[in-house]
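Residue numbers (my numbering), protein chains in the order written: chain A, 277 to 769; chain B, 317 to 732; chain C, 8 to 78.
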């Protein structure tokens, strides 16, 4: 072996020693045949190091203001190549684009990144969600907890903590919100407008806000409070806080309050509070049998009535005219939205039908089978989502149930909902349409509604067209779809 | 817990209130009462001779000869191994020391006073690069330099500092961060600022012009001169933060070449130790990772106050030690430390992060929760005594120290 | 009305933190599903996504301590 040592001196050249060591490291790793390489400013100490490493065997006249590039390689060619590579690296300017790969790993790390943060959106597993929410509240952030499986005790404690700090605590189990025009979670693209919504129901908020948007109006804020806020233990803590906030909010002219069936005692307190509201207010407790009106304080039964009440004019009034085939008498529904399922039950029940559901409203029977009777199943309920995505994200489970219903000879109408928006399946209408197209030629009527807007990623008009092309009747609202089903059976909607 | 949040607020308040001032240079034996005959202070948590690494043993042997407690290095090793000398960590006596951190009574120490709290902290003077005692060097050249530091440099510095009334350090650090220092691997700006600040007083106080010239030449030739000042400063800032009931803030991190140890405010003087890790970095020509000693030194006190690896964003050049080495990487190393600290310093900011403050006050809860451990910029010593520095790089604090500390900390607040 | 939750003379909007949120724009720290952060950013909101992992990498004993110690 006869290794070759070569060096080169650059006069009057200074570069930071760390940068120089980096270049040397690259020479050693990238240039074949290089045994040792160093780039050093020619101070006496550095020259001694170079000499000891056998890199300047022939000596050098470099001084403290000069750079020494020194290599030892297995042969002349490799040494020359290394010196050339060193020069090229020294000439190289930062080529790498700015932009950081850094991801914070904690709330506090994120707060260091985002000045003026005002909301924490938490969707970690339920066992950890309360701790994250508590931390966020203590940092002065409003909170939205998408996670479920948070204990009632934690929910109450978090909402009390939020109230003490004057913060919003949306959730747990809050999937949807609209804040100052920004959709958060599973929400739709909704223009700003005069109507503020407080919702203990995700798809309830989506349906009301989408109906308002499609009617040309809009929403100031849609505040989700979590599915259990009107349960007895929680006592509408956040509903009250959100109502008060919308009363103060200058952008809100009319308040809509939406909930799945609440605890009766809590419902009474909320209605008392609504009666004294500082702004016109519409309350929709899905499944409750109350309808009432005290001037501009109204209690309505369905989401579409809530939208109409807030807007002051009808929405989604035109129904598809359909007639069920002889011998078919049942209405069955397969829903991805829990509130949409509850709303449809309300319409059918109030239309005089005996109904069943896995998520029954007052007056409905509990059942999980489509085998007999008028049955509406909520495929977003817990029993269908363990270990799988919610059907809003992947509607396969629901669509499978529709496929089964298409073959049943006594079913007159299959009701289904298509929920659009951020986070939802990219083409839920296409998925349902393929199921229906593949079904038998003699099949029940399929009546669907699309919850969403033109601004959503899926596009309202495109989704409606897809359904229509597949022979699915599209109603202008979820309640209208249920009413059209009643009419198809010869009942008055 | 409310107790913890309040205690940590107090810890942060004390850190922010600190007013470190370099006030003097004194023989260690005059300011550290424990430094009697045949007593050596060392870096890191407590350790006995049998478990000490090569450089630590080498430095001890050199120091024993330097103090005249042994006639030669072999005799010194025999003396140390026979139990004829006493060892204690610098941290137990208000001091810190770089790498091996050996401190004995006649060595001059920099004295930093925290004027907000009245406490003082000490650190030996930086010997320069190459073969030096802090990296285990112990030959005649090393000992001769130590004598020069003791007999020539220290008196000049002491006279100048006293004439000036001390050098306030908060401002030096702030300016140094803006000039590309992170005060661990890179101290060129702060060293220069120190010379600029001290030169007039040194000139006025110097006994002879040639002694002044020699002193200035030594400081000016040593880019790392300020490191030891920064270390004494870190110790002076963190000592008043010790023993706050309920505080989960780290008050010291230190390594002895064998173990890495941390202390936490609420658990006082107790050390939580784990095997120290190997630095990852770049090596001087002729050396490689095979030559490297495990991580060593009390210099991690600068990370404990939010500098060093925590302030990498201020020193893009240092990012070269940590991998790909772009300036963006330097920012990311600092940003990661925000996940494990309580506050951003108001006084010490980094231009490249839009003048965000350095991440300050390490919370052991955050470390254990995220699994992110403090990043430390460090020099790398040769594993055999007497050779000295062979490279520089980055090392991580072992997570296990923080896990142990969390369990013990929880017990202090009644949580099991 | 006598409802104690109803304040007939609301304080100035800036006095309650949640009113400042409603005044907009939202600035979000997203902890969990990354899709939410992607959608928020797509809608023009300022958002930072946290790469969340279970506390103490799932060590049950340490996680239980951390839960009690808070922070």
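For every residue, glycine included, the Cβ atom is placed at its ideal position computed from N, Cα and C.
In this structure residue 671 of chain B is exposed. Its beta-carbon is surrounded by fewer than 16 other beta-carbon atoms within 10 angstroms. Between the segment 454-466 of chain A and the segment 426-443 of chain A there are fewer than three C-beta pairs closer than 8 Å, too few to call the two in contact. Of all residues in the segment 642-655 of chain B, none is placed with a Cβ closer than 8 Å to any Cβ belonging to chain C.
At a cut-off of 9 Å between beta-carbon atoms, residue 60 of chain C makes contact with chain B. Residue 578 of chain B and residue 459 of chain B have their C-alpha atoms some 31 Å from each other. Inclusion of residue 531 of chain B and residue 472 of chain B in the CB contact set at 9 Å is warranted, their separation being smaller than that value.
Taking the Cα positions, residue 299 of chain A is about 22 Å away from residue 648 of chain B. Contacts between residue 25 of chain C and chain A, judged by CB atoms closer than 7 Å, involve 418, 442, 443, 444, 521 in chain order. Runs of the beta strand (DSSP E) lying entirely within the segment 393-470 of chain A, each at least 3 residues long, are 395-398, 418-421, 452-455, 458-461 in chain order. Only residues of its own chain outside the window of five on either side were considered, and among them 344, 345, 351 have a CB closer than 6 Å to the CB of residue 421 of chain B, listed in chain order.
Under the 9 Å criterion on CB atoms, residue 411 of chain A is classed as interfacial with respect to chain C.
Residue 517 of chain A and residue 444 of chain A have their alpha carbons spaced roughly 8 Å apart. A straight line joining the alpha-carbon of residue 573 of chain A with that of residue 556 of chain A spans about 6 Å. Sequence-distant Cβ neighbours of residue 616 of chain A in its own chain, meaning closer than 6 Å and more than five residues away, are 479, 693, 754. Rounded to the nearest whole angstrom, the CA to CA distance from residue 438 of chain B to residue 427 of chain B is 5 Å. Closer than 9 Å to the CB of residue 634 of chain B there is at least one CB belonging to chain A. Under the three-state reduction of DSSP output, residue 59 of chain C falls in the coil class, being neither helix nor strand.
Annotation for residue 727 of chain A: the continuous beta strand (DSSP E) segment containing it runs 721-727.
At a C-beta separation below 7 Å, residue 76 of chain C has no neighbours in chain A, since its nearest C-beta there lies roughly 11 Å away. In the DSSP assignment, the residues bridged to residue 650 of chain A are A:631.
One finds nothing in chain C with a Cβ atom closer than 7 Å to the Cβ of residue 428 of chain A; even the nearest lies about 18 Å away. Residues of chain C with a Cβ closer than 8 Å to the Cβ of residue 455 of chain A are, in chain order, 28, 29, 31, 33. Fully enclosed alpha helix (DSSP H) runs of no fewer than 4 residues occupy 579-587 of the segment 560-609 of chain A, in order along the chain. Within chain A, the residues placing a beta-carbon under 7 Å from that of residue 53 of chain C are 390, ordered along the chain.
Residue 562 of chain B sits in coil when the DSSP states are folded into three classes, being neither helix nor strand. Three or more Cβ pairs drawn from the segment 702-709 of chain B and the segment 589-604 of chain B lie within less than 8 Å of each other, which places the two stretches in contact. Residue environment: residue 660 of chain B is assigned as buried (16 or more neighbouring CB atoms within 10 Å of its CB, all protein chains considered). In this structure, residue 559 of chain B lies near residue 584 of chain B, with their beta-carbon atoms less than 9 Å apart.
At a cut-off of 9 Å between beta carbons, residue 491 of chain B makes no contact with chain C. For residue 624 of chain A, the CB contacts under 8 Å within the same chain, skipping 5 residues up- and downstream, are 607, 631, 650, 652, 758, 761, 762 in chain order. Bounds of the alpha helix (DSSP H) holding residue 479 of chain A are 478-490. Not a single C-beta of chain C is nearer than 9 Å to the C-beta of residue 483 of chain A. Counting only Cβ-Cβ distances below 7 Å, residue 381 of chain A has contacts in chain B at 655, 686, 688, in chain order.
Residue environment for residue 410 of chain B: buried (at least 16 other C-beta atoms within 10 angstroms of its C-beta). For residue 44 of chain C, the closest Cβ of chain A is nearer than 9 Å.
In the three-state reduction of the DSSP assignment, residue 660 of chain A falls in the helix class.
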